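Numbered by this note's numbering, the letters in the sequence shown go through residues 84 to 228 in order. Beta carbons: idealized from backbone N, C-alpha and C, even for Gly. Since the structure is predicted, the reported quantities are computational estimates derived from the model, not experimental observations.
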Amino acid sequence: MTEMEDRFNDEFPSNFDERLPVKSKLAFGLSQASMNILQMIALGSAITFYYNIKLGLSEELVSLAWLIFAFWNAINDPLFGILQERINTEMGRRIPVLRFGALFYALTFIISWFPFMGDTQMGLFWNLLLVLFLFDSMFTMLGLV
84 MTEMEDRFND EFPSNFDERL PVKSKLAFGL SQASMNILQM IALGSAITFY
134 YNIKLGLSEE LVSLAWLIFA FWNAINDPLF GILQERINTE MGRRIPVLRF
184 GALFYALTFI ISWFPFMGDT QMGLFWNLLL VLFLFDSMFT MLGLV
């Protein structure tokens with residue numbers, strides 16, 4: 084081994100002991116699983132099918148909404164990571180996001196299925212785009228916690 088490898092191994096031991104209770108592991112795993120299931124349902128094929136087939140939004144506008152959303156999705160992870168690191172409350176950094184974000188996450192899932200901007204093509208387009216932005220933003224905020 085080189086001197087640098089020795090120094091690295093001394094500073095960052097690979098066999099440190101970190102024990103988490105099974106209850107904590109289960110709670111974390113189940114919360115992540117439930118969020119991912121909602122994410123797959125809402126932002127997977129179901130929302131596209133719903134807006135395109137059931138509500139009649141044209142394929143071009145559905146595709147445009149997803150394209151614009153893809154650009155937002157590339158920006159929102161680092162943006163919300165920075166914002167969450169700046170939170171400093173008595174409850175800590177993560178608890179307020181979990182406590183209040185979960186409610187908004189559930190609400191955005193519900194409003195995904197009830198278009199509120201009219202029955203026109205542009206109304207449905209803006210509704211889909213807003214739903215994609217809001218739901219994924221809530222997913223990102225809670226996922227970073």
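*Report back the beta-carbon spacing between L126 and D219 to the nearest angstrom; my notes put them in contact at under 8 Å.*
6 Å
*Verify whether the separation of the beta carbon atoms of V105 and L211 is less than 8 Å.*
no
_Residue range of the alpha helix (DSSP H) that includes G206_ = 204-227
_Supposed close pair R222, M123 - CB separation, criterion 8 Å_ = One point to set straight first is that residue 222 is Phe, not Arg, in the sequence displayed. No, F222 and M123 are not in contact; Cβ-Cβ is about 11 Å, not under 8 Å.
*asked:* Give me the DSSP bridge partner(s) of T172.
replied: G175
_Checking 8 Å against the spacing of the C-beta atoms, do V214 and I193 come in under that value?_
no
*Rounded straight-line distance, which links the Cα of F132 to that of L207*: 13 Å
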